[in-house]
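Chains as they are written, first to last, in the numbering used here: chain R, 1 to 493; chain G, 494 to 719.
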């Protein structure tokens, strides 16, 4: 089982997962859009830059070409370079002219090997204007190659002279960086906005899940009338519908069980009640039977029969009384009428009322007070001491203590005897109805309900009772009652 | 000899109890309904009524209230169920004591003796005690409030006499149960509470805090101090 923290984490996890999924999709969309836009813009920009460089290089080469003598000597090549490289007009150009193995350049640092093979091939062999981007020491350059061909009448025949122009693409790179910035500046707020929207959406999707969670918890707490509102027709709505069906079925089952249980209990109560009227008539004349049975003039058999009827009527009366009492507990009709008492005094009075004072060793410190229902407390003490006297062996000891604990002040009453004690497997069964510790002694003076009634009376006080065996022999029953009753003392003033 | 009127609808129970009561030497008459019972109170002039609560027609509570309206005739109620509500209602209707069926004749006899001890004295007027507006005569068993006699049921009278014998002294419910009702100390304290309630209606001023019979929270009751 997960604790409240674990459940919270689980819920948060689901929300995070939903939100991250939404966020991932949004981020991917934003990034892809930005990347595509960037690529298109970059391509168009570079294309434009290349076109303009290539165009102007060709224009100049074409303008210079007619004045070049053939075959060109070194001076002619230098002239070409100088004419093409009209510095200061736009960019920093490096111009080179090549014919066979001659190589003239405006920048001495640039050798013929600076021209990539593919470009050279295009220019010299295919006689095409070509360009290529090259990387020189981390800077992107555009290399443009233009072949010079003969004019009329040998139109189009390559002369073998090529002009190369190298220009750094600094401006383009800056523009490109600006593009990246723009894409990033667009994408990041978009992703952040997506995060907020994702959280909101996840919250919305999870709301029914949370409602279901709350409802499940309420159901688990026994509130079987819990129902969910079914909204829409999605899977969660289906789940809510299923939940409602389950809850309704549970409620119905529980109601049926309750009815059956109530009927069974009601039956026990009705039986006891029906027995009570004839018993009331018989009980009223028990004393008459007893008196006459003691008289001399009766036939001995008749006298014995009278005594038997009298004794068994008495037992039946006690049994029905106890059954009625248990029925009241079962029906929840047992009420507590508490008053504050000196507990030692109460125990002494209970023992004295039954002439047990001499049979019991008491340890009853003065000054222990508690709020109890006197009639019910009397029943508890009488049942425990009576039980010890009947089933245990003397001496029976009754002690009283007051104990302060974390959950308040408690009164602890112990009733111990020196008998054989209780079998280990019967310790937690002694409070069951009609439980008999010794099956051979199936009939005893009690109704078999005394301990069950004791337990109910202790519970009614919000107290506890337990049975145990003493290490040195004998059984001990311990009753713990709260010093202060939950219900207020009945006041009529 | 005590004249006992038994009002009980079940013939067997009535007969059994009547046998027991006659054995004890009481002149006993049996009535089976509330109406017959009330007629019996007038015609038979009993010293005490044993009254079943569940009766056809006028029920036991109403019979008890009507008996109280005209006098202080001792009433012991018989309740079939040890039902909390029945007992409280019966005591509030004015019953002096109750027994739960099935009851042995011996137990009922003890209750009858205890109730009657509360009213037995019929001595001439003796020394009078005055407590505020109340005048008590412990020998003639009369109570006057502002000079006018007050009709008190036996249990009410005995409770007032017990408390006022030691003004200012607190009596626990258990002590009062023993001395007034002759019940066990750990008996049903509702007897005391219901009786105090009835007594207050008769001797205290309405809508004012109790003056004569004061509640001492957690301990019990005391008379005065005035």
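Glycine included, every Cβ here is placed at the ideal spot set by N, Cα and C. Please read these numbers as outputs of a predicted model, since none were measured by experiment.
Could you please give the first and the last residue of the uninterrupted beta strand (DSSP E) stretch that includes residue i?
i	result
residue 526(G)	Looking at the DSSP string, residue 526(G) is not in any beta strand (DSSP E), and its letter there is neither H nor E.
residue 668(G)	No beta strand (DSSP E) contains residue 668(G), which is instead part of the alpha helix (DSSP H) from 666 to 669.
residue 480(R)	475 to 482
residue 147(R)	139 to 149
residue 547(G)	No beta strand (DSSP E) holds residue 547(G); DSSP gives it neither H nor E.
residue 569(G)	568 to 572
residue 467(R)	464 to 469
residue 361(R)	360 to 363
residue 590(G)	590 to 593
residue 371(R)	369 to 372
residue 135(R)	130 to 136
residue 96(R)	94 to 99
residue 713(G)	713 to 716
residue 495(G)	Element bounds for residue 495(G): n/a, residue is neither H nor E.
residue 408(R)	408 to 416
residue 124(R)	Per DSSP, residue 124(R) belongs to no beta strand (DSSP E) and is neither H nor E.
residue 400(R)	396 to 405
Using a Cβ cut-off of 9 Å, pull out every chain R residue sitting near residue i, in sequence order please.
i	result
residue 718(G)	What residue 718(G) touches in chain R: nothing, since even the nearest Cβ is about 16 Å away.
residue 512(G)	284, 285 and 288
residue 598(G)	283, 284, 285, 286, 287 and 288
residue 577(G)	328, 333, 334, 335 and 337
Hey, out of the options, whose CA is closest to residue i's CA?
i	options	result
residue 333(R)	479(R), 472(R), 121(R) and 457(R)	457(R)
residue 391(R)	474(R), 453(R) and 425(R)	474(R)
residue 45(R)	382(R), 174(R) and 429(R)	174(R)
residue 112(R)	128(R), 165(R), 129(R) and 62(R)	165(R)
residue 465(R)	279(R), 481(R) and 450(R)	481(R)
residue 665(G)	571(G), 718(G) and 713(G)	713(G)
residue 704(G)	537(G), 554(G), 624(G) and 678(G)	624(G)
residue 130(R)	50(R), 203(R), 100(R) and 335(R)	50(R)
residue 596(G)	521(G), 540(G), 500(G) and 506(G)	506(G)
residue 676(G)	645(G), 637(G), 636(G) and 592(G)	592(G)
residue 157(R)	21(R), 133(R), 132(R) and 127(R)	127(R)
residue 117(R)	145(R), 180(R), 31(R) and 139(R)	145(R)
residue 495(G)	547(G), 711(G), 567(G) and 710(G)	567(G)
residue 150(R)	161(R), 296(R) and 271(R)	161(R)
residue 479(R)	386(R), 351(R), 426(R) and 381(R)	381(R)
residue 461(R)	137(R), 200(R), 125(R) and 372(R)	372(R)
residue 411(R)	229(R), 463(R), 292(R) and 326(R)	463(R)
residue 121(R)	147(R), 96(R), 110(R) and 134(R)	147(R)
residue 64(R)	449(R), 84(R) and 204(R)	84(R)
residue 142(R)	303(R), 169(R) and 123(R)	169(R)
residue 67(R)	233(R), 203(R), 81(R) and 56(R)	81(R)
residue 606(G)	673(G), 659(G) and 544(G)	673(G)
Grab the span of the alpha helix (DSSP H) containing residue i for me, first residue to last.
i	result
residue 607(G)	598 to 610
residue 509(G)	504 to 516
residue 437(G)	This structure gives no information on residue 437(G), because the portion of chain G shown stretches from 494 to 719.
residue 496(R)	Outside the displayed range of chain R (1 to 493) lies residue 496(R), so it cannot be described from this structure.
residue 585(G)	577 to 585
residue 460(R)	450 to 460
Should residue i be flagged as near chain C, meaning a C-beta pair shorter than 8 Å?
i	result
residue 16(R)	Looking for chain C here will not work: the only protein chains present are R and G.
Can you list the residues of chain G that residue i reaches, using a CB-CB cut of under 7 Å?
i	result
residue 276(R)	573, 594 and 595
residue 297(R)	Here the premise fails: no neighbours, minimum Cβ distance about 17 Å.
residue 353(R)	677
residue 485(R)	Within chain G, no residue comes near residue 485(R); the closest Cβ sits about 11 Å away, beyond 7 Å.
residue 317(R)	595
I want to verify the contact list: residues of chain R whose CB lies under 8 Å from the CB of residue i, in sequence order.
i	result
residue 583(G)	In chain order: nothing, as chain R lies at least about 15 Å away.
residue 520(G)	Residues of chain R passing the Cβ test: none, with the nearest at roughly 17 Å.
residue 503(G)	277, 280 and 281
residue 516(G)	287, 288 and 291
residue 506(G)	277, 280, 281 and 284
residue 700(G)	Ordered by position in chain R, no residue passes the 8 Å Cβ test against residue 700(G), which lies about 14 Å from the chain.
residue 533(G)	Under the 8 Å cutoff, chain R gives no residues; its nearest Cβ is about 19 Å from residue 533(G).
Residues of chain R with CB under 7 Å from residue i, in chain order?
i	result
residue 679(G)	346, 349, 350, 374, 375, 377 and 378
residue 666(G)	339
residue 553(G)	By Cβ distance, chain R contributes nothing, its closest Cβ being about 15 Å from residue 553(G), past 7 Å.
residue 682(G)	337, 339 and 374
* Counting only runs of 4+ residues fully inside the region 164 to 236 of chain R, write out the alpha helix (DSSP H) ranges in chain order. => 170 to 220
* Along the chain, which unbroken stretches of the beta strand (DSSP E) at least 3 residues long are found entirely within the region 616 to 675 of chain G? -> 621 to 624, 627 to 630 and 635 to 638
* For the region 314 to 354 of chain R, which segments carrying the alpha helix (DSSP H) assignment without a break, of at least 4 residues, lie completely within its bounds, in sequence order? -> 343 to 353
* **Short-range partners of chain G found in the region 318 to 336 of chain R, where Cβ spacing is below 9 Å** => 320, 321, 324, 325, 328, 333, 334 and 335
* To do: Run through the region 261 to 288 of chain R for me and flag every whole alpha helix (DSSP H) of 4 or more residues, listed as ranges in chain order.
  => none
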